[in-house]
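Report on the structure given below.
Numbering (UniProt numbering), first residue to last: 1 to 87.
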């Protein structure tokens, strides 16, 4: 994945959130971070590169505050909305 626009990143991350496996979302955030450049993304989040890699490793359980930092650095927010009931 190369350069990702903020809105493309939001759509990509939203699609990843639909998967029940949390590692899918972490992998998507890692893709977005890599597209930005990990060094720049680390600066944008205020996290060290090692901490950033650790938080995005499959199986990691990053704190909510860390996830917020990661998303805020990319200009993306989480949104809760009701499920659409199946007919």
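Built from N, CA and C at the ideal position, the CB exists for glycine as well.
{"Item": "For residue 26 and residue 48, what's the separation of their Cα atoms in angstroms?", "Value": "17 angstroms"}
{"Item": "Suppose the cutoff is 6 angstroms on Cβ atoms and the five residues either side in sequence are ignored; what does the same chain contact list for residue 44 look like?", "Value": "73"}
{"Item": "Helix, strand or coil, according to DSSP, for residue 72 in the structure here?", "Value": "helix"}
{"Item": "Could you tell me if residue 58 is buried or exposed, where buried requires 16 or more neighbouring beta carbons within 10 angstroms of its beta carbon?", "Value": "exposed"}
{"Item": "Suppose the cutoff is 6 angstroms on Cβ atoms and the five residues either side in sequence are ignored; what does the same chain contact list for residue 55 look like?", "Value": "62, 66"}
{"Item": "Please list the segments of the alpha helix (DSSP H) lying wholly inside the region 2-52, counting only runs of 4 or more residues, in order along the chain.", "Value": "6-17, 22-36, 38-45"}
{"Item": "Helix, strand or coil: how does DSSP classify residue 84 here?", "Value": "coil"}
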